[in-house]
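If you want this note's numbering, it's the 1-based position in the sequence shown plus 9.
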Amino acid sequence: MKYFLLVITIALCSLQLAAQSQTQPSTQTAPLKIINFKKLQEFLPTKAPEGFTRQKPKGQTMSSSGISSSNASVEFTSPKKIKELQTMDDGKQDSVEVDVTWSATIDITDYAGMGEGMSAALQMIGGMEFENETENGYEKSVKFKDYKGIEKVSSQENSNSCSLQLVVGNRFLVNANGNNFADVTILHSLLNSMDMKKLEQTK
Numbered sequence: 010m011k012y013f014l015l016v017i018t019i020a021l022c023s024l025q026l027a028a029q030s031q032t033q034p035s036t037q038t039a040p041l042k043i044i045n046f047k048k049l050q051e052f053l054p055t056k057a058p059e060g061f062t063r064q065k066p067k068g069q070t071m072s073s074s075g076i077s078s079s080n081a082s083v084e085f086t087s088p089k090k091i092k093e094l095q096t097m098d099d100g101k102q103d104s105v106e107v108d109v110t111w112s113a114t115i116d117i118t119d120y121a122g123m124g125e126g127m128s129a130a131l132q133m134i135g136g137m138e139f140e141n142e143t144e145n146g147y148e149k150s151v152k153f154k155d156y157k158g159i160e161k162v163s164s165q166e167n168s169n170s171c172s173l174q175l176v177v178g179n180r181f182l183v184n185a186n187g188n189n190f191a192d193v194t195i196l197h198s199l200l201n202s203m204d205m206k207k208l209e210q211t212k
């Protein structure tokens, strides 16, 4: 579902860019042929971070009304026991031990089949420069392994997350998401194990 919503969101951005350029002479070429998800799976991390277990990769390639995209993903999970404040029957709060699962998900999406408008939308994402910080975390533009993107960390009571989104070659969007933890270096280690240059050169 998250993948489908991401496709729709970026597609709408692409359509908006296309509408803005209707008054200009058209120089667009036909969309490139997208890469099947099984090929994309070859670029996913294979080694799990310490304490994590690699799950079976997933993927899908879809096409509708001349628009196509392809996605591959893999999840790494780690069971944890953490202390959490809970309200007891007497109304008082007490620290109790609960079971949670840390999960780190890496996914690669090929948007080449959505035309030059999509390429422009990805360029827009990769070209943003900003930094926001609060007491609960931060969100900022970054450059990671020579690729531009957005890094976000959120650390709140009983709710932690982190993410890193990279634009590769103006056609691939690489997403790393951490759930129940805010240590973004775990995502860094997974992304560092990926051959981004080879992915960028894949046709």
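By construction, the Cβ of each residue, glycine as well, lies at the ideal position given by its N, Cα and C atoms.
> Three-state secondary structure (DSSP) at Q50?
Replying inline: helix
> By Cβ distance below 6 Å, which residues in the same chain neighbour I43 in space, the five residues on each side in sequence not counted?
Replying inline: S77, S79, D119, A121 and G122
> Residues in its own chain within less than 6 Å of N184 by CB, not counting five upstream and five downstream?
Replying inline: D116 and Q174
>> On the criterion of 16 or more Cβ atoms from any shown chain inside 10 Å, does N169 qualify as buried, or is it exposed?
In response: buried
>> By the three-class DSSP mapping on this structure, what secondary structure does Q95 have?
In response: strand
> Using the rule of at least 16 other Cβ atoms within 10 Å of the residue's Cβ for burial, across every protein chain shown, is K207 buried or exposed?
Replying inline: exposed
>> To the nearest angstrom, how far is the alpha carbon of S164 from that of S104?
In response: 18 Å
> Taking the C-alpha atoms as reference points, what is the distance between K149 and E140?
Replying inline: 4 Å
> Would you say V176 and K154 are within 8 Å of each other, going by their C-beta atoms?
Replying inline: no
> Using the rule of at least 16 other Cβ atoms within 10 Å of the residue's Cβ for burial, across every protein chain shown, is S82 buried or exposed?
Replying inline: buried
> For L199, which three-state DSSP category applies?
Replying inline: helix
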